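Just below is one structure, and these are the notes that go with it.
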Amino acid sequence: MRSRLFKPTLIWLQGVTCNGNTHSFLNLPYLPQLLARFEILYHPLLPCSQNLEEIARCRRGCDVLVFEGAFDPMMERAGVTLERLVAYYAEEAGHVIAAGSCASFGGIFKAAAPERNSGLAYAGEHPDGPLLGKAGKVINLSGCPVHPEWLGFALMNIAEGRPISVDALGRPTALYRHMAHDGCLRNEYFEWKVDAEQFGRKEGCLFYEHGCRGPLTHASCNRTLWNGVSSKMRVGTPCFGCTEPDFPRRNLFETKTNMSIPEEVPVGVSKRAYLTMTGIAKSFKIKRLEERLTDDD
Amino acid sequence: MMTKALIEHIEGEASLYFDTRGEKITWAEIAFPHFRGMERMLEGRKATDALVITPRVCGICGHAHLMATVRAIEAAYAQAGYPVELTRKARSIRELTLVLEMIQNHFKWLYLVILPELEKLGVGGISPAPLKGAYAAAQATKILALFAGQWPHSSYMIPGGVTCDPTHLERIQAAGLLDELIGFFEKETAGVGLDALLSFASCREFNPLQSDLGRLEKGLIATEMHKKGMAYDRFVVLGEHGFTVRARLKHTRPMKADPSQVSTEPAVCRDETSHARNVRYGKHFYEVGPLARSISADTALIKNMHRRYKDSVYTRVMARAYETAVLLQHAKTLLAELELSEPSYVPPAPLERISAEGEGIVEAPRGPLMHRMRLERGIVAEYGIITPTQWNLGSSVMSDPAPAQKAMVGAADIAEATFVFRSFDVCSVCTTH
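Residue numbers (my numbering), protein chains in the order written: chain A, 4 to 300; chain B, 806 to 1238.
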């Protein structure tokens, strides 16, 4: 464990981005405490000791590089290409954090310009980014945007000198071993194959017809709630699988089905077994799951 | 001689090119270098996919983009002869979450941008506390997320209503959080109760305030911002909401506003490729944003400021800061009047039947946001976005400058001109999208 006196230096760079990860991070409840653990050399919105032009001169490295947005080698920040900026700071840094799905896999902005843009170490699920050779130091915090608590978790571990174990796609297992489905308030409907039928109701599961990717998406959105209070599924919006390399897929509000069974079944489940189980589950008629949950209306 | 200044700590970056005589600014051009191709990536996708993609245009006003998209899809439904039924409840929840996004924006702009920049101009006693802005913004997004699931980047508005089904539990939680946020605003930002602040009729009433808003007001006068940064004194409000009125205004005189009169052309910058566009109503540039909204809504205090100091930086900045109070009050009313017994969602006709054009207009934090789309059997054939910053921060020729250009000419030096620029609340990612 590092002493609390050691303050790692941090630079937050932006590639092709919407700034969503920056703004998501500002929602972190313990933001002031976290910032106090680092020496912020550069951040696009928060107080920092250097400006972008100074950073672009590439004279002094940092301990932690946070990168937000897709990587487009030719894009310039303060007149210097991302290719040069990322190569320089990643070389120096002990840790590189890809904040969000664009930086991790290319995300929305890879979808907008697939021939140019990628993530730092991956393009979609293929290890094919500029930091491929340094993939060991890249921590992928996918999500569109990154959940502030996930970024808080990674940065606090770095500040404390703790190792972070990652999955095959470079994502911390502590955060991405769960499925988005885990902790969903609609799980009982999922188990008994009761579909939501329509939007705007808290009853029913969104997996069967409404495009929800909860059982197929590695994310802990329903364990660590968004903004401390909620998640997409809690408000009846399907999970769009934004932490996975194939985000954004197409027809996001629909589930592709085969004989009224979702074509893709929950991760790790055999399709044949799932079909059998679905048949049995559907044969139950559970009155409680056919009624409204509250009498507010 | 052209002098370049890189402007950051906005949403992305912008380049300003100044012509100067001595230190004084005689001309300014604006370039936004980063382009991302959001409109093109929507083509060929199902219209509902736009509800997930367009919030990603902007990390700070994605919710406004979501609302513009859903309104555009619903307008296309109507044009195709399948009008979408929306309950009052769905409308109120949409408006409430939009208002909360505006509130977080204004807090961040005030604390993370304007107060620190004002201090850099040499005003003493500002003591900026940027993290106050992050704290207050996070409180606002927490309330928003109770209905929308998360912020940024939620997709809970859908044609026919909203996906959420809130109970009185969420309503009461939201009301508690909102009261806390109002308490913070009264104590830290305003230094006076919300009701008292909303009843202010003259700038003089700021004099006794020992608060961030009081320091802001004094700082703006100390830097003579009440005499600087005038643009055209012409305003447009296009979104239809409960907190303002759609209108086109010359000075404070309102006229009818017709969105079909809005047009765009590429922005001009001699020294750098800019991906921005200039937006005009008819043949003219107009200013948009909280100042426009306040005048259109007949807000007594802002009209008083405008009478004294016209459309100066002072009036523009104070209008945005003051709108936070107006919006907090509006959020409180919306929440109190929320009728939970109505349905959240009324299913519309199948999207595949819709071949039509639709336009969705929303007042985003910085002004009117317009989404236009053409659908062929529910698939996006064309998509166009016009953002508020394109209205204010276009870059045109010397004989016909865009509002921010006009406002910067005459500034004493580059530092002052960039403050004038920031008074419009610059968003680079929205400007280019």
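Just so it is clear, CB atoms sit at the ideal spot from N, CA and C, and this is done for glycine as well. Note that this is a predicted model, so its numbers are computed, not measured.
Three-state secondary structure assigned by DSSP to residue i
i	result
F1040/B	strand
A93/A	helix
A162/A	helix
C1172/B	A small fix is needed here, since residue 1172/B is Gly in this sequence, not Cys. Residue state, collapsed to three classes: strand.
R245/A	Correcting the residue identity first, residue 245/A is Cys in this sequence and not Arg. The answer is coil: DSSP assigns C245/A none of H, G, I, E or B.
Q1015/B	coil
N190/A	helix
F70/A	strand
W956/B	coil
Q17/A	strand
K1137/B	helix
N1083/B	strand
H213/A	coil
V1050/B	coil
H181/A	coil
L783/B	As shown, chain B starts at 806 and ends at 1238. That puts residue 783/B outside it, with no answer to give.
H129/A	strand
P1153/B	coil
R1177/B	strand
P1208/B	helix
M962/B	strand
V1131/B	helix
T84/A	strand
C1008/B	helix
Pair within 9 Å by beta-carbon distance, residue i and residue j
i	j	result
L816/B	I865/B	Per the sequence shown, residue 816/B should be read as Glu rather than Leu. Taking 9 Å as the Cβ cut-off, E816/B and I865/B qualify as a contacting pair.
L134/A	E818/B	no
I111/A	V69/A	no
N143/A	A183/A	no
L1174/B	A869/B	yes
M907/B	E1128/B	yes
H221/A	V272/A	no
I1190/B	R1177/B	yes
Y125/A	G132/A	yes
A1212/B	V232/A	no
A855/B	E1164/B	no
S1233/B	F837/B	yes
Y1150/B	V967/B	yes
Residues that residue i bridges to, as DSSP identifies them
i	result
M77/A	Beta-bridge pairing links M77/A to no other residue.
L144/A	A102/A
T25/A	Answer is none; T25/A lacks a bridge partner.
R1058/B	K1055/B
T1069/B	V1084/B
L1003/B	L1003/B pairs with nothing; no bridge assigned.
L261/A	The displayed chain sequence assigns Asn, not Leu, to residue 261/A. Answer by DSSP bridge pairing, in chain order: I264/A.
W832/B	D824/B
M807/B	D824/B
E1162/B	R1179/B
G817/B	I815/B
Reference residue i; option with closest CA among the options
i	options	result
L1180/B	I878/B, K809/B and E834/B	I878/B
T1194/B	G1047/B, Q1210/B, Q909/B and V997/B	Q1210/B
D984/B	L871/B, P1064/B and L1140/B	L1140/B
E1147/B	V197/A, G203/A and A115/A	G203/A
E94/A	V141/A, L44/A and L292/A	V141/A
R1121/B	A1130/B, V918/B and H1111/B	H1111/B
G1172/B	C1235/B, G1183/B, A880/B and V857/B	C1235/B
R1158/B	I835/B, I977/B and Y882/B	Y882/B
P76/A	L292/A, N120/A, S286/A and G244/A	N120/A
G282/A	K290/A, P265/A and L296/A	P265/A
G173/A	S107/A, E267/A and R295/A	S107/A
E834/B	R1227/B, H1089/B and D1076/B	D1076/B
D970/B	Q36/A, I14/A, A199/A and T260/A	A199/A
S937/B	V928/B, P921/B, D1230/B and L951/B	Correcting the residue type first, residue 937/B is Lys in the shown sequence and not Ser. If we check each option's Cα against that of K937/B, P921/B comes out closest.
Any non-hydrogen atom of the ligand ADP within 8 Å of residue i CB
i	result
A855/B	Ligands in the displayed structure: none, and consequently the ligand ADP is not present.
Residues within the segment 915 to 941 of chain B neighbouring chain A, beta-carbon criterion of under 9 Å: Answer in chain order: L917, V918, P921, P933, P935, L936, G938, A939 and Y940.
Could you run through the segment 263 to 274 of chain A and flag, in chain order, every residue whose CB is less than 8 Å away from some CB of chain B? none
Listed from N- to C-terminal order along the chain, which residues in the segment 823 to 856 of chain B have their beta-carbon within a distance smaller than 8 Å of any beta-carbon of chain A? P838, H839, R841, G842, M843, R845, M846, R850, K851, T853, D854 and L856
Please name the residues in the segment 75 to 104 of chain A whose beta-carbon is closer than 8 Å to at least one beta-carbon of chain B, in chain order. Result list: M78, E79, R80 and A81.
Name, going along the chain, the residues of the segment 1148 to 1161 of chain B whose beta-carbon falls closer than 9 Å to a beta-carbon of chain A. P1148, S1149, Y1150, V1151 and P1152
Please list the residues of the segment 142 to 158 of chain A that have a C-beta atom closer than 8 Å to any C-beta atom in chain B, keeping them in chain order. C147 and P148
Any residues in the segment 175 to 206 of chain A with a beta carbon nearer than 7 Å to a beta carbon of chain B? Which ones, in chain order? The residues in question are Q201, F202, G203, R204 and K205.
Could you name the residues of the segment 1178 to 1197 of chain B whose beta carbon sits closer than 9 Å to any beta carbon of chain A, in the order they occur along the chain? Identification of residues in the segment 1178 to 1197 of chain B having a C-beta nearer than 9 Å to some C-beta of chain A yields an empty set.
So if I threshold CB-CB distances at 9 Å, which residues from the segment 870 to 882 of chain B count as touching chain E? Reference to chain E is not applicable here, since the protein chains of this structure are A and B.
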